[in-house]
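J.: If you scroll down you'll find the structure; I have some questions about it.
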Amino acid sequence: SGKHNNWSIGTDTGINFFYPGKTDPDREIFVTAIACLSYGLCQHNEVVRCCVAHAGNDHRLGAQEAPPAIISLYPGTGFEEHVDSIIAGGPLLGYKAIKSSANPNCSATMPAPCGVEDRNRTAPFPFCGNRFEFRAVGSSQNCSFPIAMCNTIMASGMAALSELIEGGMSRRDAVAKLYKDNRHVIFTGNGYSAEWPQEAAKRGLPNLHNTPLAIAEFNTPKAKALFTKMKVFSEEETDARADIMFESYVTTLSVEASTLIDMVETGILPACSEDMATYGEVLALAGERMEVYSGIKDAADKLKTLLASKPHEVRAEAKYYCDVIKPQMLVVRELVDKAEGLLEKGLYPYP
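Count along the sequence shown from 1, then add 693; that gives the number in my numbering.
Structure representation (structure tokens):
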């Protein structure tokens, strides 16, 4: 499972940058703030993906009501049209934040009020009326790290806007440039569709679909430049955090693989042996049991051999666990699942 981090940026005077507002100055702040966010998510896409990368989340992203591993911005279909209008030369004002209602088609029930924009559940970063919802955070994670990265990329977008304005560009043109240069990070379609990964690749958005791929991007020269400029991490701190994330991933998978072997050897195989014994000399009635049960033993032995051959440099070890150990664990799991349907009732040792 996972959690949804509801995130917004505001001032100590009560101004919420992600609230569409009721006055023109508030609406201009809203449009400007999302331009800064689009810059941050686009230019530092890998950092945002990395902050939710860990072993458990590899099973979740792209399914179970979780967004895909491709990080995109969902400001809503109505706002997307307004972005295109600004890029084409239109004013910052003009977006209408209109709440709708859902008709239950039942005379005994009132229409249910809806948000300003549809909260797309296949999007990693959808707009929710007065905030954005970072939907890719894993359930076992501390929220502080993902939120720190959201703040960091937002600060980078604000810095980019400030540099353009201080360089002589008007506010409207500076906002339009941010939107134009980072338009490809805005996606309001179905993040679960088979077409989205191909479309994302065309847009140049990274698809870091597993944890080792994502963590490897955390301490690149580009990421270090971001962290040092924003005064979040030094280069040494960035390297250290990346090593810790790799080590955490390796430790988790090491425990999972060792536990799987223990469960097979102390529970599954004894149950398989007892089940086979019931057939005595009438093996014709055993069907495929011998093949499946022996296959479990062979697959578990292969997993132990692979674990004994792992490299000892932490990055290489993480990649090895991802590309070699996890697939073999899946082989064991599939055979055990098949055995569960063959074992005599009451023999399967686990709930």
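The C-beta atom is built at its ideal place from N, Cα and C for all residues, glycine as well.
In or out: residue 1034 buried (at least 16 other Cβ within 10 Å) or exposed?
T.: exposed
J.: Tell me the start and end of each unbroken alpha helix (DSSP H) in the stretch 745–801 that is at least 4 residues and wholly inside, in chain order.
T.: As far as the stretch 745–801 is concerned, its whole alpha helix (DSSP H) runs of at least 4 residues are 748–751, 770–780.
J.: To the nearest angstrom, how far is it from the Cα of residue 730 to the Cα of residue 918?
T.: 18 angstroms
J.: Assuming residue 738 and residue 898 form a contact by the criterion Cβ under 8 angstroms, report the distance between their Cβ atoms to the nearest whole angstrom.
T.: 6 angstroms
J.: Starting from residue 887 and walking both ways along the alpha helix (DSSP H), at which residues does that stretch end?
T.: Segment: none, residue 887 is in no alpha helix (DSSP H) and carries neither H nor E.
J.: Tell me the rounded alpha-carbon separation between residue 905 and residue 854.
T.: 33 angstroms
J.: Would you give the residue range spanned by the alpha helix (DSSP H) that residue 831 belongs to?
T.: Taken as a continuous stretch (DSSP letters only), residue 831 belongs to no alpha helix (DSSP H), being part of the beta strand (DSSP E) at 825–831.
J.: Express the C-alpha separation of residue 748 and residue 945 in angstroms, rounding to a whole number.
T.: 7 angstroms
J.: Taking 8 angstroms as the threshold, find out whether the stretch 987–997 comes into contact with the stretch 943–960 through three or more Cβ pairs.
T.: yes
J.: With distances taken between CB atoms, is the gap from residue 885 to residue 816 smaller than 8 angstroms?
T.: no
J.: Could you check what DSSP says for residue 924 in three-state terms: helix, strand or coil?
T.: coil
J.: State whether the stretch 874–890 contacts the stretch 768–783, with contact taken as three or more CB pairs (one from each stretch) at a distance under 8 angstroms.
T.: yes
J.: If contact is defined by three or more beta carbon pairs under 8 angstroms, each pair taking one atom from either stretch, is the stretch 718–729 in contact with the stretch 901–915?
T.: no
J.: So what's residue 697 in DSSP terms, helix, strand or just coil?
T.: strand
J.: Please say whether residue 732 and residue 863 have beta carbons closer to each other than 8 angstroms?
T.: Taking 8 angstroms as the Cβ cut-off, residue 863 and residue 732 do not qualify as a contacting pair.
J.: Ignoring anything shorter than 4 residues, give me the alpha helix (DSSP H) runs that lie fully in the stretch 984–1043, in order along the chain.
T.: 1007–1013, 1019–1033
J.: Going by other Cβ atoms of all chains shown within 10 Å of its Cβ, with 16 needed for buried, is residue 976 buried or exposed?
T.: exposed
J.: Would residue 705 and residue 786 qualify as a contact pair, given that the criterion is a beta-carbon distance under 8 angstroms?
T.: no
J.: According to DSSP, simplified to helix, strand and coil, what is residue 961?
T.: It is helical.
J.: According to DSSP, is residue 903 part of a helix, a strand, or is it coil?
T.: coil
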